[in-house]
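Quick note on the UniProt record's numbering: the sequence shown kicks off at 1 and runs consecutively.
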Amino acid sequence: MIQLLEVSSFSYSKPMKVENEDFLLQPIYDSQCNLVFAIADGVGSIAGASSASKSAIKSVEKSVSEGSFSTQSAFNLAKKNINELSLIDSNLATAATTLTTVYVTSKQIIIGHAGDCRVYIKKGNKLKQLTRDHTRYQEMIEEGEHPVKKINERKERLSSVITKALSSQIELDYEITVVKIDEFIEDGTLLLSIMSDGAYDYWHHRPRFSDLTMSTPSAFINSLRKRIERRGPKDDYTCMNVKVEIK
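Now the structure itself:
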């Protein structure tokens, strides 16, 4: 059985920007009493980015409400609904979004992932990244055809090129990752974080807080938000920290 102990989150647009293109699905239970939550980040400045990310999250929520959750069904529904946006408004034909879903059971975590949002799990006093960024930067690092130093000189630009997203213009393409939870359970609990790039860029600048802050969602969220706002947000910034008990 999965018992939700605490959840805390923030989601804000960058300064002087009217619309936040990040959307969260707060943790909800499916018919099997497993937990589902998600994040979507509208791609770039393309028209309808916020409509696409909102539609993706609503699709995941609807998929949960229909019974036992399936990552495949959620992504298929999200793609279908984003395709239909262009039928409602032709200006939304190029709308695109990332989507990352997290499905927590008593034995494993199933992650559906397209884009550059990230899922982390706490291990000791660190966060372990469970997802792979679908960006041109990450692709070039993995290809190993160019010196890392040269790639890093263009990191900001290359990181902004998303290689997997949900859009009516491209075929559905996403990854599913299954993580066994045994090694991550601490005192009967798991702690997971999901972040958009506008948040994790600041987390990785100094990826640590005190032991108490790392173990307490509200404290972690408050500390990361303050760090981002102190340094000055460069993008919409979203993070959710979820603590569950495994019974």
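Glycine residues also receive a C-beta, built at the ideal position from the N, C-alpha and C atoms.
Handout entry: residue 61 (DSSP reduced to helix, strand or coil)
Key = Position 61 of the sequence shown, counting from 1, holds the residue named residue 61. DSSP, reduced to helix, strand and coil, places residue 61 within a helical segment of the structure shown.
Practice task
Could you name the residues of the same chain whose beta carbon sits closer than 6 Å to that of residue 25, not counting the 5 residues immediately before and after it, in chain order?
Solution key: The residue you call residue 25 lines up with position 25 of the sequence shown. Cβ neighbours of residue 25 beyond the five flanking positions: 37, 38, 57, 60, 61.
Exercise for the section: Could you check the C-alpha separation between residue 106 and residue 246 for me, to the nearest Å? Expected result: Taking the first residue of the sequence shown as 1, we reach residue 106 at position 106. Taking the first residue of the sequence shown as 1, we reach residue 246 at position 246. The alpha-carbon atoms of residue 106 and residue 246 are separated by roughly 6 Å.
Exercise for the section: Compare the Cα-Cα distances from residue 181 to each of 121, 158, 173 and report the closest residue. Expected result: The sequence position of residue 181 within the sequence shown is 181, counting from 1. Per the Cα distances, 121.
Exercise for the section: Within its chain, find whatever has a CB closer than 7 Å to the CB of residue 73; leave out the 5 residues flanking it on each side and keep chain order. Expected result: In the sequence shown, the residue the question calls residue 73 occupies position 73. Short of 7 Å from the beta carbon of residue 73, and not among the five residues preceding or following it, lie these beta carbons of its own chain, in chain order: 63.
Exercise for the section: Compare the beta carbon distance of residue 41 and residue 167 with 8 Å and say whether it is the shorter of the two. Expected result: If you number the sequence shown from 1, residue 41 lands on position 41. If you number the sequence shown from 1, residue 167 lands on position 167. Contact flag unset, no.
Problem - Inter-residue Cα distance where the pair is residue 216 and residue 88 - result: The sequence position of residue 216 within the sequence shown is 216, counting from 1. The sequence position of residue 88 within the sequence shown is 88, counting from 1. If you draw a straight line from the Cα of residue 216 to the Cα of residue 88, it comes to about 43 Å.
Exercise for the section: Determine the closest residue to residue 67 out of 28, 201, 152, with distance taken between C-alpha atoms. Expected result: Locating residue 67 in the sequence shown gives position 67, where the first residue counts as 1. Of 28, 201, 152, the residue nearest in Cα terms is 28.
Practice task
Specify, as a first and last residue, the run of the alpha helix (DSSP H) that residue 32 falls within.
Solution key: Looking up residue 32 in the sequence shown gives position 32. Premise fails: residue 32 is in no alpha helix (DSSP H) and is neither H nor E.
Handout entry: the ligand ZN heavy atom lying under 7 Å from the CB of residue 115
Key = Among the ligands in the structure shown, none appear at all, so the ligand ZN cannot be discussed.
Exercise for the section: Compare the C-alpha of residue 100 against each of 244, 31, 176 and name the closest. Expected result: As a first step, residue 100 is located in the sequence shown; it is residue number 100 there, counting from the start. The shortest C-alpha separation from residue 100 is found at 176.
Handout entry: Sequence ranges, alpha helix (DSSP H) only - wholly within the stretch 138-194, length at least 4
Key = Assignment of alpha helix (DSSP H) within the stretch 138-194, counting only whole runs of 4 or more residues, yields 148-153, 155-159 in chain order.
Handout entry: Rounded straight-line distance, which links the Cα of residue 202 to that of residue 227
Key = For this step, residue 227 is matched to residue 227 along the sequence shown. For this step, residue 202 is matched to residue 202 along the sequence shown. One Cα belongs to residue 227, the other to residue 202, and the distance between them is close to 7 Å.
Exercise for the section: Report the residue ranges of all beta strand (DSSP E) runs contained in full by the stretch 49-118; include only those spanning at least 3 residues, in chain order. Expected result: Listed in chain order, the beta strand (DSSP E) elements of length 3 or more contained wholly in the stretch 49-118 are 99-104, 108-114.
Problem - Contacts around residue 225, its chain only, beta-carbon distance under 6 Å, and the 5 residues preceding and following it disregarded - result: By 1-based counting over the sequence shown, the position of residue 225 is 225. 10, listed in sequence order.
Exercise for the section: Compare the beta carbon distance of residue 111 and residue 135 with 8 Å and say whether it is the shorter of the two. Expected result: Taking the first residue of the sequence shown as 1, we reach residue 111 at position 111. Taking the first residue of the sequence shown as 1, we reach residue 135 at position 135. Contact flag unset, no.
Exercise for the section: Taking only the alpha-carbon atoms, compute the straight-line gap between residue 145 and residue 206 and give it to the nearest angstrom. Expected result: Numbered from 1 along the sequence shown, position 145 holds the residue referred to as residue 145. Numbered from 1 along the sequence shown, position 206 holds the residue referred to as residue 206. If you take the alpha carbons of residue 145 and residue 206, they lie about 29 Å apart.
Problem - One or two residues paired with residue 242 in a DSSP bridge - result: For this step, residue 242 is matched to residue 242 along the sequence shown. In DSSP, residue 242 forms a bridge with 7, 192.
Practice task
Take residue 163 as the anchor and find which of 185, 140, 108, 30 has the nearest alpha-carbon.
Solution key: For the purposes of this step, residue 163 is taken as the residue at position 163 of the sequence shown. Sorting 185, 140, 108, 30 by C-alpha distance to the C-alpha of residue 163 places 140 at the top.
Handout entry: DSSP-derived helix/strand/coil call for residue 14
Key = Walking along the sequence shown from the start, residue 14 turns up at place 14. DSSP, read as helix, strand or coil, puts residue 14 in coil.
Handout entry: Minimum C-alpha distance to residue 190 - residue among 241, 231, 155, 171
Key = Within the sequence shown, the letter at position 190 stands for residue 190. If you compare the alpha carbons of 241, 231, 155, 171 with that of residue 190, the shortest gap goes to 241.
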